[in-house]
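Reading through the structure tokens given below for one structure.
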Amino acid sequence: MILPLLPGVGVGTLRLGMSAGETVGAAREMGFAPYGPDHREAPGQVLCEHGESGTDFTLGFTKGALTDIHLCRFRVEDADVTVVLDGLDVFRTPSEELLERIAERGHAVVQNDSGVDTLPDLKVILSNESSFEYPVDEEGDPVHFDYVLVTSVDFRGRRGD
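So the sequence shown is numbered by my numbering: it starts at 157 and just counts up by one.
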């Protein structure tokens, strides 16, 4: 399964602005099962998991419309899941290399020491702050990002275009 990150648009067939019903339907078509709280007409969020790979979505809603797509890295290392941003494998390319390659493609990259890196012009956040046991380097730091946020909200708190 290939899940393209589409800044300002969505992830895969999930589109920012979709209703909860449309979003849950699209997630199910992609093989993700909703779980957790009731999926009422205007939820605050819907949780979805892809059982075979352990890939998770948290889908955030504002006033009944999808505004935030939180995607957590698969927990099965050899999972047939690829998350792609601008042709780059987000969860298998080492974090530092990924940021360098994104910057080479002309996108602003704002890094910080807490492991949360921002691509402000794309309205995307990348992080490697998980509690799951993912591959680490010799110093014990995570090798890959394990979380991505695609949002319709700019990082100054105003609605995006």
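Even for Gly, the Cβ is constructed at its ideal location relative to N, Cα and C. Since we're looking at a predicted model, the values are computed, not measured.
When burial is assigned at 16 or more other CB atoms within 10 Å of the CB, is residue i buried or exposed?
i      : result
Ser270 : exposed
Lys279 : buried
Gly168 : buried
Gly316 : Low confidence applies here, because Gly316 scores a pLDDT of 42, under 50, leaving its location unreliable and the question unanswered by this model.
Glu205 : buried
Asp273 : buried
Gly313 : Its pLDDT being 45, under 50, Gly313 is placed unreliably by the model, and the measurement read from it follows with that caveat. So Gly313 ends up on the exposed side.
Quick one: what does DSSP say residue i is sitting in, helix, strand or coil?
i      : result
Gly316 : Low per-residue confidence applies at Gly316: pLDDT is 42, beneath 50, and the placement is therefore not dependable, though the value from the model is reported in the following sentence. Gly316 falls in the coil class under three-state DSSP.
Phe230 : coil
Phe247 : coil
Val165 : coil
Val237 : coil
Leu275 : strand
Ala264 : coil
Glu208 : coil
Have a look at residue i and residue j and give me their C-alpha separation to the nearest angstrom.
i      : j      : result
Met186 : Val266 : 31 Å
Gly210 : Pro250 : 20 Å
Val180 : Leu254 : 30 Å
Arg184 : Pro190 : 8 Å
Val309 : Leu203 : 20 Å
Thr223 : Leu305 : 10 Å
Ile281 : Ile158 : 19 Å
Ala264 : Leu275 : 6 Å
Asp302 : Lys219 : 28 Å
Asp236 : Asn268 : 31 Å
Ala221 : Gly166 : 12 Å
Glu252 : Leu162 : 21 Å
Ser283 : Asp245 : 14 Å
Could you give the C-beta distance for residue i and residue j, rounded to a whole number, given that I count them as a contact under 8 Å?
i      : j      : result
Val239 : Leu227 : 6 Å
| Would you say the region 164-178 touches the region 197-216, given that touching needs at least three Cβ pairs under 8 Å? | yes
| said: For the region 255-262 against the region 226-233, do three or more pairs of beta-carbon atoms, one drawn from each stretch, fall closer than 8 Å, so that the two count as touching? | reply: no
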